[in-house]
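Those letters in the sequence shown? Residues 62 to 455, per my numbering, in order. Following: one structure in structure tokens, then a few remarks.
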Amino acid sequence: MEEQGKIISSCDVDSNLALQIWTRGKTPRLSLHNKVKNSRKLIPLSWVEKRSRTLSINGKKPGETLTYSVNDFEPAISKILTEYFARTNFKVKYFKLVIDLDRAMHRPEPVMSKSDFAMMTDEKRSALWIADCSGADKNAGIFRPFFPLTPEEAEVVIEARLKFTGAAMRTTEGFFKTGVPEILKRENPSRWLNTVRVTAAAMMLGFSYCGADGTKTADSLWTAGEKPVNLNPNVTVLKTPEKKLSIHDPDMLRLGHKLTAYIRHCYRLDDVSVSYVADSGKELQEAGFSRTRRIDFNTGTLGDVPYRVTFYVNETEGVTAFGCNPRMQTARHTGDMMITLPTETFNAAMNDDTLGGASINEFYTITRLLWAKQFREWFTSIAPYVRKFAGLAE
């Protein structure tokens with residue numbers, strides 16, 4: 062293993078097991094060092110996202126088996142990642158990615174006419190800001206937040222600050238000149254600073270991209286701007302180009318859209334319940350819900366397989382529910398996925414997802430609420446591992 066790469070940091074869990082960070086210049090791996098057998102196993106850091114996982118190894122005594130939970134590893138992983146941050150070029154690359162991700166998240170989508178609000182593409186609907194140029198003067202406009210502002214945010218994100226003049230000012234560069242992103246991070250760091258920093262750390266360190274494999278993108282983040290090894294002195298080797306980060310990039314599309322869905326809906330998520338049952342239709346009808354309609358969702362919207370989604374409503378209780386039946390076997394859960402939330406919350410979420418467009422877009426909002434829930438669960442799992450070095454606001 063040492064010939065292929067090197068161990069950067071190590072921490073004993075106990076006298077039988079040590080956790081280490083191993084790298085060979087790209088995305089690091091977690092090394093499980095069985096000190097009894099003096100053997101190592103390399104795994105991606107995404108393995109520790111699932112807190113219910115356990116690891117069993119043979120102990121020193123004959124027939125002895127030692128079992129560890131992922132939670133047992135949290136202090137050691139936090140320590141070795143913090144050491145890795147300090148000892149390698151990860152620190153520089155990490156903070157550059159934080160800046161790039163922040164700019165990608167705040168990139169405004171232009172809207173040039175009032176009618177465009179009713180026909181926005183999913184790409185525009187996934188943006189957090191709209192550069193509204195729908196007035197008479199197409200060279201002037203206003204940046205409109207495509208998310209609900211908290212009362213504290215509304216006090217500092219005033220309309221006068223968001224107005225712009227000139228086509229060059231409706232760009233990302235123009236938006237950042239308003240100072241609004243920095244104001245939001247200062248006034249509400251849990252929403253605007255911590256979220257980006259944990260996501261950037263996860264993207265570089267080999268955690269999943271909110272449940273999806275991000276290895277290819279993670280490796281490219283490490284090698285961007287560097288010259289590959291030149292095996293032929295007669296050939297000029299150029300640096301690997303640095304790719305402009307976008308939440309719509311195919312390699313991080315799902316992560317980018319889950320990130321913006323979370324930013325938009327984070328304050329409604331406590332009202333949204335996701336559970337897994339053998340038969341959602343039976344459960345909901347026995348609970349007093351009435352079925353209204355059914356829609357098929359393609360692969361990649363609610364999960365890794367297509368789903369048939371049945372809409373239910375309990376008018377007496379004011380609750381809306383969705384029974385999501387996978388049409389193929391999925392490794393993510395057994396049975397049906399069931400989503401329930403107050404009807405008032407669902408209607409408000411749909412309004413948040415339209416910004417003056419069509420009043421009903423149930424298909425879009427169901428997926429975004431679920432993605433936001435998935436992002437929060439993912440974020441909550443990863444944050445303790447990276448908190449010490451990521452510069453999070455407490």
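Backbone N, C-alpha and C fix where the C-beta goes; we use that ideal spot for every residue, glycine too. For clarity, every value in this text was computed on a predicted model and none was experimentally measured.
Cβ-Cβ separation, residue j to residue i (assumed contact under 8 Å), whole Å
i	j	result
Gly384	Asp397	6 Å
Val456	Arg101	For the chain, the structure presents residues 62 to 455; residue 456 sits outside this window and is missing.
Val97	Asn77	6 Å
Phe236	His309	About 17 Å; that fails the 8 Å criterion.
Cys327	Ala221	Incorrect: roughly 27 Å between the Cβ atoms, too far for contact.
Glu248	Glu213	6 Å
Arg325	Tyr270	Going by Cβ atoms, the distance from Arg325 to Tyr270 rounds to 19 Å, so no, they are not a contact pair.
Thr321	Gly349	Their Cβ separation, rounded to whole angstroms, is 35 Å, which puts Thr321 and Gly349 out of contact at 8 Å.
Lys154	Met265	7 Å
Glu170	Ala192	7 Å
Thr232	Lys449	That pair is no contact at about 36 Å.
Gly267	Pro445	Not really, about 16 Å apart at Cβ, beyond 8 Å.
First and last residue of the uninterrupted alpha helix (DSSP H) at residue i
i	result
Lys110	Lys is not the amino acid found at residue 110; the sequence shown has Glu there. Looking at the DSSP string, Glu110 is not in any alpha helix (DSSP H), and its letter there is neither H nor E.
Asp161	Phe151 to Met166
Thr88	Per DSSP, Thr88 belongs to no alpha helix (DSSP H) and is neither H nor E.
Pro445	Glu423 to Ala451
Glu234	Thr233 to Lys238
Gly261	This sequence places Ala at residue 261; Gly is not what is there. Counting along the chain, the alpha helix (DSSP H) containing Ala261 begins and ends at Asn255 to Leu266.
Lys185	Asp183 to Arg186
Val217	Pro212 to Val217
Arg329	First-last for Arg329: undefined, no H or E at that position.
Per-residue burial, residue i [other beta carbons within 10 Å of its own, 16 or more giving buried]
i	result
Tyr323	buried
Lys238	exposed
Asn200	exposed
Ser195	buried
Val473	An answer regarding residue 473 cannot be provided, because it is not within the stretch 62 to 455 covered by the chain.
Gln65	exposed
Asn150	exposed
Asn255	buried
Phe207	buried
Phe424	exposed
Leu306	buried
Ile141	buried
Pro311	exposed
Lys319	buried
Ala79	buried
Among the options, nearest to residue i - alpha-carbon criterion
i	options	result
Gln346	Val380, Arg369 and Tyr368	Val380
Leu106	Ser92, Ile427, Asn99 and Ile118	Ser92
Tyr145	Ser71, Ile104, Thr211 and Asp177	Ser71
Ser139	Lys246, Ala215, Val74 and Ser176	Val74
Gly361	Ala348, Val217 and Gly272	Gly272
Asp413	Glu438, Lys152 and Leu189	Leu189
Pro209	Arg329, Ser351, Met313 and Phe440	Arg329
Thr415	Phe134, Ser187 and Ala79	Ser187
Asp331	Lys152, Asp163, Asn375 and Arg437	Arg437
Gln390	Arg369, Tyr373 and Ala444	Arg369
Ile462	Ile443, Glu216, Thr226 and Ala165	Residue 462 cannot be examined here, being either before or after the span of the chain that is shown, 62 to 455.
Ser351	Asn99, Thr441 and Val374	Val374
First through last residue of the beta strand (DSSP E) which encompasses residue i
i	result
Asp133	Here Asp133 belongs to no beta strand (DSSP E); instead the alpha helix (DSSP H) covers Val131 to Arg148.
Ala192	Trp190 to Asp193
Asn375	Tyr368 to Asn375
Met398	Asp397 to Pro403
Leu103	Ser100 to Ile104
Thr353	Ser351 to Phe358
Tyr337	Ser334 to Val338
Gly384	Val380 to Pro387
**Request:** Evaluate the contact criterion for the region 254-262 versus the region 153-160: three or more CB pairs, one atom per stretch, below 8 Å.
**Result:** yes
**Item:** Three-pair Cβ contact test at 8 Å for the region 273-280 versus the region 447-455
**Value:** no
**Prompt:** Is there contact between the region 422-429 and the region 115-127, where contact requires at least three CB pairs shorter than 8 Å?
**Reply:** no
**Request:** Tell me, please, whether the region 350-359 touches the region 334-341 by the rule of three or more beta-carbon pairs shorter than 8 Å.
**Result:** no
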